[in-house]
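In full-length UniProt numbering, the protein residues as written are 1 to 1205.
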């Protein structure tokens, strides 16, 4: 056993057998990484090997000793020996100290690092087929079936107790050298104990000196995504009077007016929210209809209802978005609005007869049972009818519409006779019917494909969506409406052609993935709103000029027009113009954030009810009512979890291989001509148009991004993926399902991934330690389990918090890995995955909500079940293991553990590993979030906070510019893809360095990002911290609303049988098959489970925009701290920011990114993202060689431009 010993430090065992190393340089590098020499600024001066030979103490200087002779010594001496190391400080901390690019013995199975390139060793990996075969290819595999949701883990027996004792003795840490004096031994032992205790204290990862957010700033931050009080709804006191609501002892309200319709009780904001929705649907409330339906016409309080109704008015849009934060009870609000709608809705046929129509409720399949229970228990006036086929509902007395009946409509003969009243417009009972279905099922059952003539082109036809259910429903209720945010999908198109008279879209994330998602939702509401606007202008020609003025302004600042308009003027409907909104994202000038800030705030004020913890409710008869006392606070923290140098080396090798693969694919994609690009999901649509922008912008190389994501989670997972690929397998959903069915566990991962020199696991400790190495996620999760006392006896009263943990993850394979390692530790952890039936999901939720159950960790995939569930009864801490593609996904997941009835405040811990793929993910998410935050940037409180953040950041900028080190920064301007025109190149005689220095104080527009490199400056990663030194639309806009373009292949999914909810590339390489939409057997459960499965896959890495991803040829990038310093350098010193600066795009973007950092507890600011990272564990000669090989000269750059590369 090799042990190194240094005074006042640990006795450390070398993690790799030196007998497997081919040079002294590889051995020296292993010791450097063992002691983290690079970061603390020291190197090796001497290496002395001390051992016993023939009874004599022998000491050898192995730096000068031939390595072959040293290997002979290692092979012949006793297993216990010492290598004494002397570490002097290095002269230049920035200079790399590593010398060898030899693959570690453990990694030779996986990599060939010859010629300075990172390549997979396919031949050696392929030798593991026999190991894989033991698990997959044997015919006698017999796995005992277990419950669908799993059971608590049981201890695994490795060997006999005597063998375990011998193993423990063999692995025991060596004692101190005998020649040390007692004083030296005591000093070393005391120092080791102190280091050990300090390391445990530091292991929390989260910065203990983090800045506290003030009370006022906290609630402003809560409104940053939700907007101001203009969206808080109508005056709450008037809403109470309208429904004659009275307060109970528990603080909730009940409405005697609606006692025949609902038995549920409400919070005041829920009542005002429902009334606010109705006002947007109808503009005003018909008090007489309300009193008549409730038998209150002659009631003594009838006049109170009439007076309140007379004062409640809004713009009649025929639609609304309910966008309250998670936990506000949107289910109750939408159902209350549906009841009021069923009372107020009035439509007559051509003969003047009153028409009665049902309500359509579309929800994700996992929420169907939840809605059914709520309606059945508390809403006696509504008759739930299921248009969905699932065995879970077949044994109930619930009314179900068969799939064939929906597909044969309008022939009602196929409907059960007792349900034919639903579509009988002269039957009053139809008003009470609420048909519940899922998005995919409703598309499949009600959508029809037809050939239609192209307007203005009599000899051309197009394939369009139609439906026989056009205007057959009086109201569409869409829960989790972000599922239909993309106008390019068939589901959106089918809903659009229904031509619903009224629409309510409920979502906590109207801008789920990006700001433009809101346009898809508004596009569903715009046709009815547009009709209302045109009708108003016909009756009020005096307002046509003002309307035209708004049209002319388009997406620019409307501050000169809107303040003079009545807040409820129908002219404001023009803000919803779908075509104008689309144009915002088509324009090429660099002012998108300003356009969003100018347009979205006013549009959201018109169309939405949106409240947060920081909102206040208007009150016509008194002071506004704050919502602050109702909710527990939520705190976002960022845990920085670094990898020890030895583990970081392996990670960087995996990252480099996958990043090269990604960069090559992106460059290839960019080189293709527009007309040659095909949708990744299949051919061009049937109408032979060019691919849409959404199709063209699909992320290239999803397989490479998948590999980056799993390597970032755990390097052992990257090894497993490589092994599976070597046998024509993968680590996607279908494979994970097979692993679960076979009962594969952590030992399976161990067997397939252990490299050369790694013995088989003989104890549980060795298995867990092995699988934890290279996984920053597991390190954090273990620490969080200790933080919440998950392994202690349940005593929330003593601890002041719950004792369970929710972990959010993007990749199903990573979730499987985390589950198996935790279960190997005898910690009951389970994955909430797509294959679970609805009953199983409900059972798992109930089990997790039981604070005394064994289930301690629930691993959630962001797009599978992370919406609509209540998980707050036994958990108030959420870990974001891997950053999702948008912050809305984090919020949705966190909202599962924060409801209005939560017992404790919520803490959300986001895991970030420095100098890793998290840099790319983090900047990507921040870019999207900044555009979403821009929607509310004009709110006075938020604007003031932005100014304050800019001025605080300016202090750091000024301080950095005062440092002499800033003069040593070399700025490299990348070659433009296209030559500049002579008229625009005013400084063509200026050197690149001078040009950038000149632009440091002058904001520039329409320039490509600059690439910066620090030549020489103090080591930014050097730290005195103890732990740092010791730790291990395709819809028709012509005005003809008879149909939408049909896509034979949606941009969102492979076949028409299922789809995901995003407009970005779904990771379908797994060979997932989906149900045929034309199949005679209709199994909605399987179809929707397939949709969930797709969402399992597509959340991994699917950002659609590669235009600003740095995939430059120079693939060694600055580290995270250096990136932050580059951001400081790019800002001009000496500025004092005011609100006028927010009228500049660059200043606004900077302020929004700072706001995003403050919300998430981030310190470093990165404005640019790159797929490559700083490969600091690579030897300096290798990095220099790579730079020389990959950095093109001017001649090659010119040739590349000519070829479009």
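Glycine included, every Cβ here is placed at the ideal spot set by N, Cα and C.
For clarity, every value in this text was computed on a predicted model and none was experimentally measured.
Beta-carbon proximity list for residue i, same chain, < 7 Å, skipping 5 on both sides
{"i": "residue 921", "result": "883"}
{"i": "residue 736", "result": "812, 813 and 816"}
{"i": "residue 25", "result": "99 and 100"}
{"i": "residue 636", "result": "908, 910, 1159, 1160 and 1161"}
{"i": "residue 106", "result": "16, 755, 756, 757 and 758"}
{"i": "residue 619", "result": "235, 236, 237 and 625"}
{"i": "residue 855", "result": "828, 830, 847 and 848"}
{"i": "residue 19", "result": "71, 74 and 75"}
{"i": "residue 771", "result": "716, 746, 749, 750 and 821"}
Chain-order list of residues whose beta-carbon lies under 6 Å from that of residue i (same chain, five-residue window excluded)
{"i": "residue 479", "result": "363 and 506"}
{"i": "residue 607", "result": "321"}
{"i": "residue 372", "result": "384"}
{"i": "residue 632", "result": "902 and 905"}
{"i": "residue 499", "result": "470 and 471"}
{"i": "residue 347", "result": "355"}
Host alpha helix (DSSP H) of residue i (start-end)
{"i": "residue 386", "result": "Per DSSP, residue 386 belongs to no alpha helix (DSSP H); it is in the beta strand (DSSP E), 383-386."}
{"i": "residue 1239", "result": "Beyond the ends of the chain as shown, which are 1 and 1205, falls residue 1239; an answer cannot be given."}
{"i": "residue 956", "result": "940-962"}
{"i": "residue 52", "result": "Segment 46-53 is the beta strand (DSSP E) holding residue 52; no alpha helix (DSSP H) there."}
{"i": "residue 821", "result": "812-824"}
{"i": "residue 408", "result": "403-408"}
{"i": "residue 1125", "result": "1120-1130"}
{"i": "residue 417", "result": "No alpha helix (DSSP H) holds residue 417; DSSP gives it neither H nor E."}
Per-residue burial, residue i [other beta carbons within 10 Å of its own, 16 or more giving buried]
{"i": "residue 510", "result": "buried"}
{"i": "residue 732", "result": "buried"}
{"i": "residue 930", "result": "buried"}
{"i": "residue 1163", "result": "exposed"}
{"i": "residue 459", "result": "exposed"}
{"i": "residue 426", "result": "exposed"}
{"i": "residue 13", "result": "exposed"}
{"i": "residue 803", "result": "buried"}
{"i": "residue 56", "result": "exposed"}
{"i": "residue 91", "result": "exposed"}
{"i": "residue 248", "result": "exposed"}
{"i": "residue 21", "result": "buried"}
{"i": "residue 1151", "result": "buried"}
Own chain residues within Cβ distance below 8 Å of residue i, not counting five before or after
{"i": "residue 1224", "result": "Any property of residue 1224 remains undetermined from this structure, which presents the chain solely from 1 to 1205."}
{"i": "residue 1002", "result": "In this prediction, residue 1002 scores a pLDDT of 34, lower than 50, which makes its location untrustworthy; no coordinate-derived value is stated."}
{"i": "residue 376", "result": "384"}
{"i": "residue 120", "result": "110, 111, 112, 657 and 722"}
{"i": "residue 122", "result": "726"}
Boundaries (first-last residue) of the beta strand (DSSP E) holding residue i
{"i": "residue 512", "result": "Element bounds for residue 512: n/a, residue is neither H nor E."}
{"i": "residue 479", "result": "475-479"}
{"i": "residue 1223", "result": "No information on residue 1223 is available, as it lies outside the stretch 1 to 1205 that the chain covers here."}
Identified DSSP bridge partners for residue i
{"i": "residue 438", "result": "363"}
{"i": "residue 119", "result": "112"}
{"i": "residue 830", "result": "858"}
{"i": "residue 637", "result": "909"}
{"i": "residue 433", "result": "383"}
{"i": "residue 42", "result": "89"}
{"i": "residue 247", "result": "253"}
{"i": "residue 25", "result": "DSSP output for residue 25 lists no bridge partner at all."}
{"i": "residue 877", "result": "907"}
(message) Going residue by residue through the segment 337-400, where are the continuous alpha helix (DSSP H) segments of at least 4 residues, counting only ones entirely within it?
(response) 368-378
Practice problem: Only counting runs of 3 or more residues, tell me where the beta strand (DSSP E) segments fall wholly within the segment 269-342, in order along the chain. | Solution: 319-322
Unbroken stretches of the alpha helix (DSSP H), 4 residues or longer, contained in the segment 571-625
578-584 and 592-607
Counting only runs that start and end within the segment 749-813, where is the alpha helix (DSSP H) found for 4 or more residues in a row? For the segment 749-813, whole alpha helix (DSSP H) runs of length 4 or above, ordered along the chain, are 764-772, 776-787 and 796-799.
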